[in-house]
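The opening residue of the sequence shown carries number 1 in full-length UniProt numbering; numbering runs sequentially from there. Even for Gly, the Cβ is constructed at its ideal location relative to N, Cα and C. Note that the structure is predicted; figures quoted are calculated from it, not measured.
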Amino acid sequence: MYSTDRGIHRVEHSKINLCVLTPNRIVWDSEVKEIILSTNSGQIGVLPNHAPIATAVDIGTLRIRLKDQWLTMALMGGFARIGSNEITVLVNDAEKAYSPDTVIASSPGKEVHGFLKIGYNQHVFLVFIGL
1 MYSTDRGIHR
11 VEHSKINLCV
21 LTPNRIVWDS
31 EVKEIILSTN
41 SGQIGVLPNH
51 APIATAVDIG
61 TLRIRLKDQW
71 LTMALMGGFA
81 RIGSNEITVL
91 VNDAEKAYSP
101 DTVIASSPGK
111 EVHGFLKIGY
121 NQHVFLVFIG
131 L
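Given below as structure tokens:
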């Protein structure tokens with residue numbers, strides 16, 4: 001915030017600092033433009049200056065927007081805290097998406113343009129990303 005002779009003005013930030021942590025490592029710690037997070041009550045989109053909240057994170061995907069590109073990450077449940085343009089996501093496990101050079105056919109009329117391979121309690125899950 002800053003003040004002028006006309007009063008106090010709020011400085012609008014155009015980026016959010018996102019930190020994704022597992023018990024074993026830091027998966028992501030960088031500025032982003034926007035995220036879409038899978039929670040136990042559905043997906044939420046988070047832009048700069050979002051209202052402060054704490055939420056449970058569901059098993060699902062985290063979509064991250066950097067400038068004009070979107071990245072995808074698989075999350076294996078946990079918690080998230082959002083406030084003051086800071087997002088901290090604490091999860092059991094997380095993996096960034098892989099983007100194979102070839103397109104995988106998933107069903108008639110649909111194509112898969114990437115996949116996530118994540119392990120959880122000795123099970124392997126493949127999450128396919130269709131565009």
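Roughly how many angstroms lie between the CA atoms of ASN40 and ASN49, to the nearest whole one?
22 angstroms
Enclosing beta strand (DSSP E) for ARG25 [first to last residue]:
Counting along the chain, ARG25 falls outside any beta strand (DSSP E), and DSSP gives it neither H nor E.
Cutoff 8 angstroms; reference CYS19; Cβ partners in own chain excluding five residues on either side
ILE26, TRP28, ASP29, GLU86, ILE87, THR88 and VAL89
Where does the unbroken beta strand (DSSP E) through LYS96 begin, and where does it stop?
94-96
For ASN17, write down the residues that DSSP places opposite it in a beta bridge.
GLU31 and GLU86
Of the residues GLY78, GLU34 and MET73, which one's Cα is nearest the Cα of LEU66?
GLU34
Rank ILE82, ASP93, ASP68 and TRP70 by C-alpha distance to the C-alpha of GLY60 and give the top, closest one.
ASP93
Looking only at its own chain, which residues have a Cβ that is under 6 angstroms from the Cβ of LEU71, when we skip the five neighbours before and after it?
ILE64
Pull up the distance between the alpha-carbon of ILE36 and that of ASN24, whole angstroms please.
24 angstroms
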